[in-house]
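As numbered in my numbering, residues 13 to 472 make up the sequence shown, in order.
Written below as structure tokens is the structure these notes are about.
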Amino acid sequence: MDSLQTTSTIAAISTPVGEGGIGIVRVSGPDALAAAERVFRARSSKSIASQRSHTVRFGCIVDGDDEVDQALCTVFRAPHSYTGDDTVELSTHGGPAPLRRTLSLLLRAGARLAGPGEFTQRAFLNGRLDLSQAEAVIDSIRARSDAGLKVAVRQLEGALSARVEAARAMLLAVVAEVEASTDFPDEAPEPEPGDLIPRVAAVLAELERLLATAESGRVYREGLSCVIVGRPNVGKSSILNALLRDNRAIVTAVPGTTRDVLEETAILGGVPVRLVDTAGLRETEDVVERIGVERAQAAMSGADILLCVLDAAQALTREDELILEGAKGRPALVVLNKSDLRPFLFAMDVEVRLPGAKVLKGSAVKDGGMADVENALTAMVTAGLVSPADVTVSHVRHRRSLEVASESLRAVLKTLTEGWPLDLAAQDLQTAIHQLGEISGQTVSDRVIQEIFSRFCVGK
Ligand code: GDP
């Protein structure tokens, strides 16, 4: 990991830039204490060099003789800091001016601006966190639901690392015996397949147990998408708003949201569900309409769940029938909306066109008129999920490694049971060990590490 250096002293604003009660500028590295010394003056006039680890002092940020802002200075000495290096956190008032000024003073005092995720990357390079734990840091920041947070924090606390490491250690012991006998056949006895098979099978079973929670983990972490389709004026936007009323996610900004497709996130059964309203696609001119329909179809084809909305007070139109046609074979919920009005359309009318579909009456304007729809949608979202407390794997990257490792161990078992030469088994064992090392970061390339940390924000 030569290209990932850890010798410089880095600084960044670690709280969001905006107005807040306090804001924190963090500086970490071999010269962190010296840099902070030039920027902070304690009320007691005592130096940072004399300040004990994990203590806080009150004072002010200074630019020469100029007092910039009142501040608290917290010192964390190596190796007992987040990054593992000497670290100082300066808490000023939480406005852009004090934070930027403090940062620029630290940069002038010799620190350099930290890159995205560089504090956490240091923590990883210094062995404070393994790679899966570092990834959990960003997951906990980005978690949109309590369930997502629980999954992230379990991973941060090492629930995945511990099990992957134990599995890897067992395989390392097996491969050591196998390779000793193939490399030095005169000195090391050839291990008995009867002894190796149960050990490899036990590791395989453990990896399969981990994989069993991966799909639930993905859903809690990434969420699902639910596309609301229906012709104009059937009530799609009203339904979206009704579903959001009690379930809006804390953070709804999703990068990449296009303006003509309205997207909001609701938390249903602990799962972030991106509700996509295709109403914005509606246009009058023919050409535009065609593009709109194509986009709606593209949105539909990528959806995990379709919410097909019909107007219960009107007869089915050709457009309604096309929508039901498009939902064939997909996980879909059909809502007969406006059921507060005199009914014209019944569940049976839909069921003959879309056999097996779940059809519910709803009203987006009546109090509680969406309760059944919300319950049914929640049931669809959470079907087959295990509780977040039981989830150990949530990243696609980890899942892929576990799958390749499992595949390799199946090949090892085949080699051993069929009595093929042991060096074949050694190769597959090495593949499995390498894949497990990718999860914790022991055998991962610099490129992958950089890719992972580039997704962090600056200051983390
Ligand atoms: P969209 O074009 O499918 O998004 O439809 P809107 O949500 O904009 O609704 C179209 C019109 O239908 C609006 O005037 C709504 O107030 C009305 N509407 C929506 N849902 C209901 C409902 O359940 N009952 C009644 N009576 N009116 C509704």
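Beta carbons: idealized from backbone N, C-alpha and C, even for Gly.
These numbers were taken from a predicted model, which means no experiment stands behind them.
- Under the rule that 16 or more other beta-carbon atoms within 10 Å means buried, what is threonine 429, buried or exposed? Counting the other CB atoms within 10 Å of its CB gives threonine 429 a total below 16, which places it among the exposed residues.
- Query: Could you give the distance in angstroms between the alpha-carbon of glycine 139 and the alpha-carbon of aspartate 97?
  - Reply: Straight-line Cα distance between these residues: approximately 11 Å.
- Would you please state the rounded distance, in angstroms, between the beta carbons of arginine 156 and isoleucine 279? I believe it to be under 8 Å. Between isoleucine 279 and arginine 156 the Cβ distance is about 7 Å, and since that is below 8 Å, they are a contact.
- Message: In the DSSP output, which residue or residues are listed as bridge partners for aspartate 151?
- Response: According to DSSP, aspartate 151 shares a beta bridge with no other residue.
- Task: Mind checking which residues open and close the beta strand (DSSP E) that includes proline 210?
- Result: Counted as a single uninterrupted DSSP element, the stretch harbouring proline 210 is not any beta strand (DSSP E) but the alpha helix (DSSP H) occupying residues 205-224.
- Message: Which same chain residues end up closer than 6 Å to threonine 27 when comparing Cβ atoms and leaving out the 5 residues on each side of it in sequence?
- Response: If we look at threonine 27 and ignore the five residues flanking it on each side, its Cβ neighbours are Gly35 and Ile36.
- Item | 8 Å contact criterion, which serine 249 and valine 377 should meet: CB distance rounded | Not really, about 12 Å apart at Cβ, beyond 8 Å.
- Span of the alpha helix (DSSP H) around arginine 113: Looking at the DSSP string, the run of the alpha helix (DSSP H) that includes arginine 113 is 108-120.
- Message: Is aspartate 352 a contact residue of the ligand GDP, with contact defined as CB to any heavy atom under 7 Å?
- Response: Yes, since a heavy atom of the ligand GDP falls inside the 7 Å radius drawn around the Cβ of aspartate 352.
- Any heavy atom of the ligand GDP closer than 7 Å to the CB of valine 385? No; taking the cut-off as 7 Å, the Cβ of valine 385 has no heavy atom of the ligand GDP nearer than that.
- Task: Report all residues from its chain with a CB closer than 6 Å to the CB of phenylalanine 465; omit the five preceding and five following residues, and keep chain order.
- Result: Once the five neighbours on either side are set aside, the close Cβ partners of phenylalanine 465 are Gly129 and Gln133.
- Message: Using 8 Å as the threshold, is the C-beta distance between leucine 434 and valine 215 below it?
- Response: Cβ distance not < 8 Å, so leucine 434 and valine 215 don't count as in contact.
- Which word fits leucine 353, buried or exposed, when buried means at least 16 other C-beta atoms lie within 10 angstroms of its C-beta? When all chains shown are included, leucine 353 counts as exposed.
- Task: In angstroms with no decimal places, state the Cα-to-Cα distance between glycine 107 and serine 457.
- Result: Rounded to whole angstroms, glycine 107 to serine 457 spans 39 Å at the Cα level.
- Is DSSP giving histidine 105 helix, strand or coil here? Reduced to three states, the DSSP call for histidine 105 is strand.
- Let me know if asparagine 245 comes out buried or exposed under the rule of 16 or more other beta-carbons within 10 Å of its beta-carbon. When all chains shown are included, asparagine 245 counts as exposed.
- Task: Verify the contact flag: proline 244, CB atom, against every heavy atom of the ligand GDP, threshold strictly below 7 Å.
- Result: Checking every heavy atom of the ligand GDP against the Cβ of proline 244, one is found closer than 7 Å.
- Where the beta strand (DSSP E) through asparagine 349 begins and ends: For asparagine 349, the enclosing beta strand (DSSP E) begins and ends at 344-349.
- For leucine 436, the nearest candidate out of Val424, Gln447, Val212 and His446 (CA to CA): Measuring from the Cα of leucine 436, the nearest candidate turns out to be Val424.
- Query: Which runs of the alpha helix (DSSP H), 4 residues or longer, sit entirely within the segment 358-437?
  - Reply: Secondary structure in the segment 358-437: the alpha helix (DSSP H) runs of 4 residues or longer, each lying completely within the stretch, are 359-363, 383-394 and 408-430 in chain order.
- Message: Distance check for leucine 255 and glutamate 337, CA to CA, integer angstroms please.
- Response: Going by the C-alpha atoms only, they are around 25 Å apart.
- Query: Of the choices Val163, Ser62 and Arg342, whose alpha-carbon is the least far from that of leucine 397?
  - Reply: When only C-alpha atoms are compared, the closest one is Val163.
- Message: I believe threonine 329 touches arginine 243 by the beta-carbon criterion, under 8 Å. Please report the beta-carbon distance rounded to the nearest angstrom.
- Response: Contact between threonine 329 and arginine 243 holds: their C-beta atoms lie close to 7 Å from each other, under 8 Å.
- Looking only at C-alpha atoms, which of Glu31, Ala395 and Ala44 sits nearest to serine 20? Taking only the C-alpha atoms, the option nearest serine 20 is Ala44.
- Message: Using a 10 Å radius around the Cβ and a threshold of 16 neighbouring Cβ atoms, would you call arginine 166 buried or exposed?
- Response: It is buried - the Cβ of arginine 166 has at least 16 other Cβ atoms within 10 Å.
- Message: If distances are taken between C-alpha atoms only, which option among Lys373, Glu199 and Thr455 comes closest to cysteine 320?
- Response: It is Lys373.
- valine 377: beta carbon under 7 Å from a heavy atom of the ligand GDP? Yes.
- Task: Determine, using beta carbons only, whether serine 173 and aspartate 142 come nearer to each other than 8 Å.
- Result: Yes; because the gap between Cβ atoms is below 8 Å, this pair is in contact.
- Message: Tell me whether serine 249, by its Cβ, gets closer than 7 Å to a heavy atom of the ligand GDP.
- Response: At least one heavy atom of the ligand GDP is nearer than 7 Å to the Cβ of serine 249, so yes.
- Looking at C-beta atoms only, is the number of pairs between the segment 75-91 and the segment 51-61 that lie closer than 8 Å three or more? Counting Cβ pairs under 8 Å, three or more are found: they touch.
- Query: Helix, strand or coil: which one does DSSP assign to valine 460?
  - Reply: In this structure, DSSP gives valine 460 a helical state, which the three-state scheme calls helix.
- Coarse secondary structure for leucine 353, derived from DSSP in three states: In the structure shown, leucine 353 sits in coil (DSSP, three-state: anything other than H, G, I, E or B).
- Rounded straight-line distance, which links the Cα of aspartate 158 to that of valine 405: Rounded to whole angstroms, valine 405 to aspartate 158 spans 17 Å at the Cα level.
- Message: Can you tell me whether serine 476 is buried or exposed? The criterion is at least 16 other CB atoms within 10 Å of its CB, across all chains shown.
- Response: This structure cannot speak to residue 476, because the chain is shown only from 13 to 472.
- Query: If we call anything under 8 Å between Cβ atoms a contact, is leucine 183 one with isoleucine 451?
  - Reply: No; because the gap between Cβ atoms is not below 8 Å, this pair is not in contact.
- Output the boundary residues of the beta strand (DSSP E) element that contains glutamine 454. Glutamine 454 -> no beta strand (DSSP E), and no H or E assigned at all.
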